[in-house]
Amino acid sequence: YFDEFLRAPEGIATNVLSARLRALCAQGWVEKTPDPSDQRRYTYRLSDDGLRLGELLGDIAAWGLKYLPGTRVLDGIKPAQR
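What follows is the structure, encoded as structure tokens:
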């Protein structure tokens, strides 16, 4: 949900979040669907392409941790996000 993104610790502004979600949807990385229990709300999820991109970025991050001295994991990053 949009409001869940707004509550994230990054503190992104609503106009910036709206623009980014629109761009991600337009590129096919994210899918926006109406909430079946409340048609006024939408859910956002990674598309299949978005999931594949996430895996690729995770592999690149793992490579950096292994081969680039000084690379570190940011605080709050879960192992599944690495």
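Residue numbers (the working numbering): 57 to 138. Virtual Cβ for every residue (Gly too), placed ideally from N, Cα, C.
Practice task
Answer with yes or no whether the minimum CB distance from Val86 to chain C is below 8 Å.
Solution key: Of the protein chains in this structure there is only one, and it is not chain C.
Practice task
Determine, using beta carbons only, whether Pro92 and Tyr98 come nearer to each other than 8 Å.
Solution key: As a first step, residue 92 must be located in the sequence shown, where it is residue number 36. As a first step, residue 98 must be located in the sequence shown, where it is residue number 42. No, these two residues do not count as a Cβ contact at 8 Å.
Practice task
Let me know the secondary structure DSSP gives Arg63 once reduced to three states.
Solution key: Sequence index remark: in the sequence shown, residue 63 carries index 7 (1-based). Under the three-state reduction of DSSP output, Arg63 falls in the coil class, being neither helix nor strand.
Practice task
Measure the alpha-carbon distance for Leu102 versus Pro125 and round it to whole angstroms.
Solution key: Along the sequence shown, read from residue 1 onward, the residue named residue 102 stands at position 46. Along the sequence shown, read from residue 1 onward, the residue named residue 125 stands at position 69. Rounded to the nearest angstrom, the two C-alpha atoms are 31 Å apart.
Exercise for the section: List the DSSP bridge partners of Leu102. Expected result: Within the sequence shown, residue 102 is the residue found at index 46, counting from 1. Val86.
Problem - Distance CB(Leu62)-CB(Leu73) smaller than 8 Å - result: Locating residue 62 in the sequence shown gives position 6, where the first residue counts as 1. Locating residue 73 in the sequence shown gives position 17, where the first residue counts as 1. In contact: Leu62 and Leu73 (Cβ atoms closer than 8 Å).
Practice task
Could you have a look at Arg76 and say whether DSSP puts it in helix, strand or coil?
Solution key: Position 20 of the sequence shown, counted from the first residue, corresponds to residue 76. If DSSP states are grouped into helix, strand and coil, Arg76 belongs with the helices.
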